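Peer 1: Sharing a structure, written as structure tokens. Questions coming.
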Amino acid sequence: MAPAPWESIPNNETYFMLVTGANSGIGFGIGERLMDEFLTTRSLHSHIVIIPTTRSASKSEATVRGLRKHAIQFAQRSKVLRARSGGSYDPKDTTRRVHILSIQLDLCNLLTIRDAADRLVNGTLSTPPSGGADDDFFVPLVDVRIPRLDAVIFNAGIGGWTGLAWSKIPSNFLFQGFIQATTWPTFKAARAGDMVAPLPGSPEKKMGEVFCANLFGHYLFAHLLLPHLTRSGRDLELEPARIIWESSVEGDWQCHVLDDFQGTKTPMAYESSKRLTDVLCLTAGLPAAKPSVESFLGVDTTGKAKREKTVPPKIYLTHPGVVLTTLFPINAFMFFWYRVVLYLARWFGSPWHVITAYNAAVAPVWVALQGQDALDAAHAERSKWGSASDRVGRALVKKTEVEGWGWEGKVVKKGEEEEGVTGVLRRVVGRRGGAVDLTPERLVEFEAVGAECWKEMERLREEWETRM
26 MAPAPWESIP NNETYFMLVT GANSGIGFGI GERLMDEFLT TRSLHSHIVI IPTTRSASKS
86 EATVRGLRKH AIQFAQRSKV LRARSGGSYD PKDTTRRVHI LSIQLDLCNL LTIRDAADRL
146 VNGTLSTPPS GGADDDFFVP LVDVRIPRLD AVIFNAGIGG WTGLAWSKIP SNFLFQGFIQ
206 ATTWPTFKAA RAGDMVAPLP GSPEKKMGEV FCANLFGHYL FAHLLLPHLT RSGRDLELEP
266 ARIIWESSVE GDWQCHVLDD FQGTKTPMAY ESSKRLTDVL CLTAGLPAAK PSVESFLGVD
326 TTGKAKREKT VPPKIYLTHP GVVLTTLFPI NAFMFFWYRV VLYLARWFGS PWHVITAYNA
386 AVAPVWVALQ GQDALDAAHA ERSKWGSASD RVGRALVKKT EVEGWGWEGK VVKKGEEEEG
446 VTGVLRRVVG RRGGAVDLTP ERLVEFEAVG AECWKEMERL REEWETRM
């Protein structure tokens, strides 16, 4: 068995990245953009290892093939790579620094979550057989160990929608306007109360399906991956690992109070799960949530922690904007008009209609690849970073207002703008109609809710881990 290519490379020249739900849509776009931006910004000797998760072996093989195809095309066509390498540029030298492995994960099955985490931490991975011409561009990997994870992007999820509530469409557009109605629609029909049995052997123990897929499955997965996300020993020279949650631009819309913590009694289960994601991520660094967050991150407060220095991962929040995706169930005729409407909204000035999966990936990839000093200077853990776009489709990263938290967890005077921020990145551009300015009282309430949510999530995790 040949050693993995990264075993002979310094730690700071390798980057290990996991993306859930990466076989299509935004997750696949994240994989593409990760490769492109890594290769054009890091040293010519650095290696990137991308681990997309899917729900079947066949999807994993297809995902690896698709990402490899993109890597080859980018390496062959990129003028930036050619200019950086000089006249002797060979695309194969670039693609051989890209390694794509995959693993199966079903976020509504806690046993597969446990098994996937165990395989990543204690087992080995291999590249699926390709049998194609791309074999010459990549280093074959057989039973290699993943020594750590530098970032995980939690992208996978389900919508739980059933289609359009036609009766609500006219009033939504009439009273809210075109851009507002296409950014924060009230006409999506969804089922209420869909449940799933997360443990196949215990069908009587159930949980809200959307809550489990979008939030709790990832929450448990992150905790089980802590051995690979916690810096210790020689890894202390590296930047802290990052847990990057993907929320939604409409996560806080109409979700002031969850009817049920697990999102099982409300027809807005998707929006509720994203609202809860926002609350958890943005309050993770606050004193009130500290005991629960330390429990989740496995922070050792005993004497052992004083003897052996460890650094837990950092938590960040992003969203992909408004994307043309098959996640919403409509027929081919309506999908055509869906596309038209999204482009019109962007042309009319909406910053959130990024439309393509590649553009939707700009915010999570930006958080994943930025230097830690830059993230700390921007107080990145206190903001929701959204994928945005200008009228011509140029991808941008934009701070997003969260109800009860504002843009960065502090009260901003009316009309106050960030210094030097112009164009679509201004706060007033793309703000939800009817949004209420943040007050000290509402911020205190948000922080208190965050502490309660963290406490309940930890209780649920411990309860279900006991059942496993």
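Start counting at 1 in the sequence shown, then tack on 25, and there's your number in our numbering. Backbone N, C-alpha and C define an ideal beta-carbon position, used for all residues, glycine too. Computed from a prediction, not measured in an experiment: that's the story for all the values here.
Is K213 close to the ligand PLP? I mean its beta-carbon at under 7 angstroms from any heavy atom of the ligand.
Peer 2: Looking at this structure, you won't find the ligand PLP or any other ligand, since it has none at all.
Peer 1: Please tell me whether V123 and A87 are closer than 8 angstroms, where the distance is taken between their beta carbons.
Peer 2: Counted from its first residue, the sequence shown places residue 123 at position 98. Counted from its first residue, the sequence shown places residue 87 at position 62. Cβ distance not < 8 angstroms, so V123 and A87 don't count as in contact.
Peer 1: Does the beta-carbon of K104 have 16 or more other beta-carbons within 10 angstroms, so that it is buried, or is it exposed?
Peer 2: In the sequence shown, counting from the first residue as 1, residue 104 sits at position 79. K104 comes out exposed.
Peer 1: Which residues does DSSP list as the beta-bridge partners of P77?
Peer 2: Here residue 77 refers to the residue found at position 52 of the sequence shown. Answer is V44.
Peer 1: Leaving out five residues on either side along the sequence, give the residues of the same chain with a beta carbon under 6 angstroms from the beta carbon of D175.
Peer 2: Mapped onto the sequence shown, residue 175 falls at position 150. The answer, listed in chain order, is Y40, F41 and A266.
Peer 1: Going by other Cβ atoms of all chains shown within 10 Å of its Cβ, with 16 needed for buried, is V417 buried or exposed?
Peer 2: Along the sequence shown, one-based indexing puts residue 417 at 392. By the neighbour-count rule (16 or more Cβ atoms within 10 Å), V417 is not buried but exposed.
Peer 1: With distances taken Cα to Cα, identify the nearest neighbour of V379 among V449, L136, D168 and G182.
Peer 2: As a working mapping, residue 379 is identified with position 354 in the sequence shown. V379 has its Cα closest to that of V449, out of V449, L136, D168 and G182.
Peer 1: Rounding to the nearest angstrom, what Cα-Cα distance links K339 and T351 in this structure?
Peer 2: Taking the first residue of the sequence shown as 1, we reach residue 339 at position 314. Taking the first residue of the sequence shown as 1, we reach residue 351 at position 326. K339 and T351: Cα-Cα distance of roughly 31 angstroms.
Peer 1: Below 8 angstroms, how does it come out for the segment 181-191 and the segment 352-361: are there three or more Cβ pairs, yes or no?
Peer 2: Yes, since at least three Cβ pairs between the segment 181-191 and the segment 352-361 fall closer than 8 angstroms, the two stretches touch.
Peer 1: Grouping DSSP H, G and I as helix and E and B as strand, with all else coil, what is G511?
Peer 2: Nothing about residue 511 can be reported from this structure: the residues present for the chain run from 26 to 493 only.
Peer 1: Considering only the beta carbon of each residue, do L305 and M482 sit closer than 8 angstroms?
Peer 2: For the purposes of this step, residue 305 is taken as the residue at position 280 of the sequence shown. For the purposes of this step, residue 482 is taken as the residue at position 457 of the sequence shown. Taking 8 angstroms as the Cβ cut-off, L305 and M482 qualify as a contacting pair.
Peer 1: Can you tell me which residues form a DSSP beta bridge with S17?
Peer 2: Residue 17 lies beyond the range of the chain shown here (26 to 493); nothing can be said about it.
Peer 1: Would A357 be called buried (16 or more neighbouring beta carbons within 10 Å of its own) or exposed?
Peer 2: As a first step, residue 357 is located in the sequence shown; it is residue number 332 there, counting from the start. With fewer than 16 Cβ atoms within 10 Å of its Cβ, A357 is classed as exposed.
Peer 1: Return the chain-ordered list of same chain residues with a C-beta closer than 6 angstroms to the C-beta of G52, the five sequence neighbours on each side being excluded.
Peer 2: Here residue 52 is taken as the residue at index 27 of the sequence shown, counted from 1. Answer for G52: V44, G46 and N180, listed in chain order.
Peer 1: If you draw a straight line from the alpha carbon of L92 to that of W270, how long is it in whole angstroms?
Peer 2: Along the sequence shown, read from residue 1 onward, the residue named residue 92 stands at position 67. Along the sequence shown, read from residue 1 onward, the residue named residue 270 stands at position 245. In a straight line, the C-alpha of L92 is about 22 angstroms away from that of W270.
Peer 1: Under 7 angstroms Cβ to Cβ from R139, same chain only, skipping five residues before and after it: list those, please.
Peer 2: Working through the sequence shown from its first residue, we reach residue 139 at position 114. Answer for R139: L249 and M493, listed in chain order.
Peer 1: Of all the options N239, A403 and R259, which has the alpha carbon lying nearest to the alpha carbon of R300?
Peer 2: On the sequence shown, residue 300 is found 275 positions in, with the first residue counted as 1. Looking at the Cα atoms, N239 is the closest of the given residues.
Peer 1: Are the segment 312-323 and the segment 219-236 touching, with three or more C-beta to C-beta distances below 8 angstroms?
Peer 2: Too few Cβ pairs lie closer than 8 angstroms, so no.
Peer 1: Quick check: the Cα distance between T152 and E472, rounded to an integer number of angstroms?
Peer 2: What you label residue 152 is simply residue 127 of the sequence shown in a count that begins at 1. What you label residue 472 is simply residue 447 of the sequence shown in a count that begins at 1. Roughly 44 angstroms separates the two Cα atoms.
Peer 1: Quick one: residues in its chain with C-beta nearer than 7 angstroms to the C-beta of R484, no 5 flanking neighbours on either side, listed in chain order?
Peer 2: By 1-based counting over the sequence shown, the position of residue 484 is 459. For R484, where only same-chain residues beyond five positions count, there are no Cβ hits under 7 angstroms.
Peer 1: Grouping DSSP H, G and I as helix and E and B as strand, with all else coil, what is Y114?
Peer 2: Here the question's residue 114 lines up with position 89 in the sequence shown. In the structure shown, Y114 sits in coil (DSSP, three-state: anything other than H, G, I, E or B).
Peer 1: Apart from the five residues just before and just after G185, which ones in its own chain have a Cβ nearer than 8 angstroms to its Cβ?
Peer 2: Numbered from its first residue, the sequence shown carries residue 185 at position 160. Answer for G185: A215, R216, D219, E234, V235, A294 and Y295, listed in chain order.
Peer 1: Is it the case that the Cβ atoms of I171 and L145 are separated by a distance below 8 angstroms?
Peer 2: The residue labelled residue 171 in the question sits at position 146 within the sequence shown. The residue labelled residue 145 in the question sits at position 120 within the sequence shown. The answer is yes: Cβ separation under 8 angstroms.
Peer 1: For my contact list, V89 and S49 are in at a C-beta cut-off of 8 angstroms; report their separation, rounded to the angstrom.
Peer 2: As a first step, residue 89 is located in the sequence shown; it is residue number 64 there, counting from the start. As a first step, residue 49 is located in the sequence shown; it is residue number 24 there, counting from the start. About 13 angstroms separates the two Cβ atoms, so there is no contact after all.
Peer 1: Out of E444, K435, S375 and V474, point me to the one whose CA is closest to A420's CA.
Peer 2: Taking the sequence shown and counting its residues from 1, one reaches residue 420 at position 395. Considering only alpha carbons, the answer is S375.
Peer 1: May I ask which residues mark the beginning and end of the beta strand (DSSP E) holding G499?
Peer 2: The question about residue 499 has no answer, for the chain in this structure spans 26 to 493.
Peer 1: Using three-state DSSP, classify I125 as helix, strand or coil.
Peer 2: For the purposes of this step, residue 125 is taken as the residue at position 100 of the sequence shown. Three-state result, I125: strand.
Peer 1: Starting from the C-beta of R456, find all residues in its chain whose C-beta is less than 8 angstroms away, skip the five residues before and the five after it, and write them out in chain order.
Peer 2: As a working mapping, residue 456 is identified with position 431 in the sequence shown. So the list reads E426, once near-sequence residues are dropped.
Peer 1: Measuring only the C-alpha atoms, how far is V56 from F373?
Peer 2: On the sequence shown, residue 56 is found 31 positions in, with the first residue counted as 1. On the sequence shown, residue 373 is found 348 positions in, with the first residue counted as 1. The residue asked about is misnamed: residue 56 is Gly in this sequence, not Val. Each residue's alpha carbon lies about 30 angstroms from the other.
Peer 1: Pick helix, strand or coil for V318, following the three-state DSSP scheme.
Peer 2: Looking up residue 318 in the sequence shown gives position 293. Correct three-state label for V318: helix.
Peer 1: Does the contact criterion of 3 or more C-beta pairs under 8 angstroms hold for the segment 194-211 versus the segment 256-263?
Peer 2: Counting Cβ pairs under 8 angstroms, fewer than three are found: no touch.
Peer 1: Determine the DSSP secondary structure at G233, reduced to helix, strand or coil.
Peer 2: Working through the sequence shown from its first residue, we reach residue 233 at position 208. Correct three-state label for G233: strand.
Peer 1: State the start and end residues of the unbroken beta strand (DSSP E) segment that holds A268.
Peer 2: Taking the sequence shown and counting its residues from 1, one reaches residue 268 at position 243. The sequence given here has Ile at residue 268, not Ala. Counting along the chain, the beta strand (DSSP E) containing I268 begins and ends at R267 to E271.
Peer 1: Is the separation between the beta-carbon of I194 and that of F212 shorter than 8 angstroms?
Peer 2: Within the sequence shown, numbered from 1, the residue matching residue 194 stands at position 169. Within the sequence shown, numbered from 1, the residue matching residue 212 stands at position 187. Yes, the pair counts as a contact, with Cβ atoms nearer than the cut-off.
Peer 1: Would you report the Cα separation of E487 and A108, rounded to the nearest angstrom?
Peer 2: Counted from its first residue, the sequence shown places residue 487 at position 462. Counted from its first residue, the sequence shown places residue 108 at position 83. C-alpha separation (whole angstroms): 53 angstroms.
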